[in-house]
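First to last, the sequence lines map onto chains A and B.
Residue numbering for the first sequence follows full-length UniProt numbering, beginning at 1 and increasing consecutively.
Residue numbering for the second sequence follows full-length UniProt numbering, beginning at 1 and increasing consecutively.
By construction, the Cβ of each residue, glycine as well, lies at the ideal position given by its N, Cα and C atoms.
2 protein chains.
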Amino acid sequence: MTSPAAMEYLFDEKILNNALKIDPKITIKDNFHLRPLARNDFEHGFLAALSQLTEVGDVSRERFDEIFDKMKTNGCYYVTVIEDLDTNRIAGSATLFTEYKFIHGGGLRARIEDVVVDNDYRGQNLGVALVQTLKSLSQVLHCYKLTLDCNDQMISWYRKYFDFQIEEGRSNFMTIRFSSSSSSP
Amino acid sequence: MTSPAAMEYLFDEKILNNALKIDPKITIKDNFHLRPLARNDFEHGFLAALSQLTEVGDVSRERFDEIFDKMKTNGCYYVTVIEDLDTNRIAGSATLFTEYKFIHGGGLRARIEDVVVDNDYRGQNLGVALVQTLKSLSQVLHCYKLTLDCNDQMISWYRKYFDFQIEEGRSNFMTIRFSSSSSSP
């Protein structure tokens, strides 16, 4: 039996449910549950899903809990997952992350990060559901803009399903990598 | 006389001093002081400097304090300013902002945001000093990468002075704006 502590969520599920109400077009099959990251997702393939996006490296249970706690205390991390209820496996994940600003009347900016759908769950609308939910979430949180950086091959997808724009003259993304970390993201 | 509360810094100046030690090439004239944002910078032109970058809008003293407090509690905001010691005016500002990750061994990613030098202080190396300091700061904080998004005309500057790279096939920056906010950033 799962203990209540293990089912602890990273953020309040009510906020996510408010976001889901904005766009009734978000449809995934009934055996999928879109919800905040839970502490026990460590045991249900959350890092395995992320490893299909980039190098996860050596993240122990203790390290996972440490980051989970930091994100939860910080309060600006909305790591959202889709669980396959038949197997309790994490089928996909995406993160909304907010930033306080002095500009724009002291507004809040949102970013989408680390979007991944497990290879075994492709073609079931899960990526669209995740990003559409985070877009709605950023509106629920009253953000003035939502941004992301992506690979060339993802541009048309973000444009088609969510109206993300490459803005003329100001859409350059630049990087410095400090160690021998992997290529992306 | 300035009260101690008014001179309260957003983050520990020691961290910034450690960053400054990394690169002895950072040189600005003696009448400039590079330091963390202080609470009383509201009275010394901090928002006026930011308004040369984008729309600041209506940010009252109370709203400023509220954002300052949120950023300070959050602990991931390194808003760094250069003060003109002759006038106590803010000559420039740039922000380093860090994000917890489950990927890369549970690493920390850094971002540079809201870089601005007041028009009256151009050509005095202040922009280079600010960004170089934040680059060093992201190393002091053991970040695995440092990123930014910028206008076309800034690419060569970030490449030349700091070795920022446009990475082939994965340097696209996309945006959704939700309200009638101004054009940039």
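**Asked** Given that Asp30(A) touches chain B, what residues does it touch there, using C-beta distances under 7 Å?
**Response** Residues of chain B whose Cβ lies closer than 7 Å to the Cβ of Asp30(A) do not exist, since the nearest Cβ in that chain is about 28 Å away.
**Within chain B, the residues that Glu167(A) reaches when beta carbons sit closer than 7 Å** = The answer, in chain order, is Thr175.
**Request:** Whole angstroms is fine: what's the gap from Glu167(A)'s alpha carbon to Ile176(A)'s?
**Result:** The alpha-carbon atoms of Glu167(A) and Ile176(A) are separated by roughly 23 Å.
**Item:** chain A contact for residue 186(B) (CB, 8 Å cutoff)
**Value:** This structure cannot settle anything about residue 186(B), because the visible part of chain B is limited to 1 through 185.
**Message:** Tell me the rounded alpha-carbon separation between His142(A) and Leu108(A).
**Reply:** Taking the straight line from one Cα to the other gives about 7 Å.
**Under 8 Å from the C-beta of Arg63(A): neighbouring residues of chain B** = Residues of chain B passing the Cβ test: Gly105, Gly106.
**Asked** So, do the stretch 68-87 of chain B and the stretch 38-49 of chain B have three or more beta carbon pairs nearer to each other than 8 Å?
**Response** Counting Cβ pairs under 8 Å, three or more are found: they touch.
**Asked** At what residue ranges does the UniProt domain "N-acetyltransferase" (32-185) of chain B contain a whole run of the beta strand (DSSP E), taking only runs of 3 or more?
**Response** Those beta strand (DSSP E) runs which fall completely within the UniProt domain "N-acetyltransferase" (32-185) of chain B and span 3+ residues are 32-36, 77-84, 89-100, 108-117, 145-150, 172-177.
**Message:** Run through chain A and tell me which residues come within less than 7 Å of Thr133(B), C-beta to C-beta.
**Reply:** By Cβ distance, chain A contributes nothing, its closest Cβ being about 14 Å from Thr133(B), past 7 Å.
**Message:** So Asp152(A) contacts chain B; which residues on that side make the cut at Cβ distance below 8 Å?
**Reply:** Neighbours of Asp152(A) on chain B, chain order: Gly169, Arg170, Asn172.
**Interface residues of the stretch 154-165 of chain B facing chain A [CB-CB below 9 Å]** = For chain A, the residues of the stretch 154-165 of chain B that bring a beta carbon within less than 9 Å of one of its beta carbons are Met154, Ile155, Tyr158, Arg159, Phe162, Asp163, Phe164, Gln165, in chain order.
**Asked** Thinking C-alpha only, which one of Ser136(A), Phe11(A), Gln153(A) is nearest Thr73(A)?
**Response** From the listed residues Ser136(A), Phe11(A), Gln153(A), the smallest Cα separation to Thr73(A) is found for Phe11(A).
**Item:** Whether Asp118(B) touches Leu53(B) by CB criterion (8 Å)
**Value:** Not closer than 8 Å, so no.
**Prompt:** What's the C-alpha gap between Phe178(B) and Leu34(A)?
**Reply:** For Phe178(B) and Leu34(A), the distance between alpha carbons rounds to 24 Å.
**Request:** List the residues of chain A whose Cβ lies closer than 9 Å to the Cβ of Phe11(B), in chain order.
**Result:** Proximity of chain A to Phe11(B) at the Cβ level (cut-off 9 Å) is not reached, the minimal Cβ distance being about 14 Å.
**Range covered by the alpha helix (DSSP H) that runs through Ile15(B)** = For Ile15(B), the uninterrupted alpha helix (DSSP H) segment begins and ends at 13-22.
**Prompt:** From Ala19(A) to Gln139(A), what distance separates their C-alpha atoms?
**Reply:** Here the alpha carbons of Gln139(A) and Ala19(A) stand approximately 8 Å from one another.
**Request:** Sort Lys101(B), Leu146(B), Arg89(B) by Cα distance to Phe46(B) and report the nearest one.
**Result:** Checked all of Lys101(B), Leu146(B), Arg89(B); the closest Cα to Phe46(B) is Arg89(B).
**Request:** Take Leu16(B) and list the residues in its own chain whose beta-carbon comes closer than 8 Å to its own, dropping the five residues that flank it on each side.
**Result:** Counting only residues of its own chain and dropping the five nearest sequence neighbours on each side, Leu16(B) has a CB closer than 8 Å to the CB of Leu34, Arg35, Pro36, Tyr78, Thr80, Thr133, Leu137.
**Asked** For a contact meaning CB atoms closer than 9 Å, what does Asn119(B) contact in chain A?
**Response** Under the 9 Å cutoff, chain A gives no residues; its nearest Cβ is about 17 Å from Asn119(B).
**Request:** Using beta-carbon positions only, say whether Ile112(A) and Ala94(A) come within less than 8 Å of one another.
**Result:** Going by beta carbons, Ile112(A) and Ala94(A) fall inside the 8 Å limit.
**Request:** Using a Cβ cut-off of 7 Å, pull out every chain A residue sitting near Glu83(B), in sequence order please.
**Result:** Using a Cβ-Cβ cut-off of 7 Å, Glu83(B) is close to nothing in chain A; its nearest Cβ partner there is about 17 Å away.
**Prompt:** Near Tyr144(B), what residues of its chain come up, given a Cβ to Cβ distance below 6 Å and the 5 sequence neighbours on each side ignored?
**Reply:** Excluding positions up to five away in sequence, the list reads His104, Gly107.
**Message:** Please state whether the Cβ-Cβ distance between Gln124(A) and Ile26(A) is less than 8 Å.
**Reply:** Contact: no.
**Prompt:** Checking contacts by CB at 8 Å: is Gln124(B) closer than that to chain A?
**Reply:** Gln124(B) does not count as touching chain A.
**Asked** Is the shortest distance between the beta-carbon of Lys72(A) and the beta-carbons of chain B less than 8 Å?
**Response** At least 8 Å separates the CB of Lys72(A) from every CB of chain B.
**Asked** When the cut-off is 8 Å and only beta carbons count, does Glu8(B) lie next to chain A?
**Response** Residue-level contact by beta carbon fails for Glu8(B) and chain A, as no gap is shorter than 8 Å.
**Message:** In this structure, how does DSSP classify Met1(B) when only helix, strand and coil are distinguished?
**Reply:** For Met1(B), the predicted model reports a pLDDT of 49, less than 50, meaning its position is unreliable and no value from the coordinates is stated.
**Message:** Counting C-beta neighbours from all protein chains within 10 Å, is the total for Lys21(A) 16 or more, i.e. buried, or is it exposed?
**Reply:** By the neighbour-count definition (other C-beta atoms within 10 Å, threshold 16), Lys21(A) is an exposed residue.
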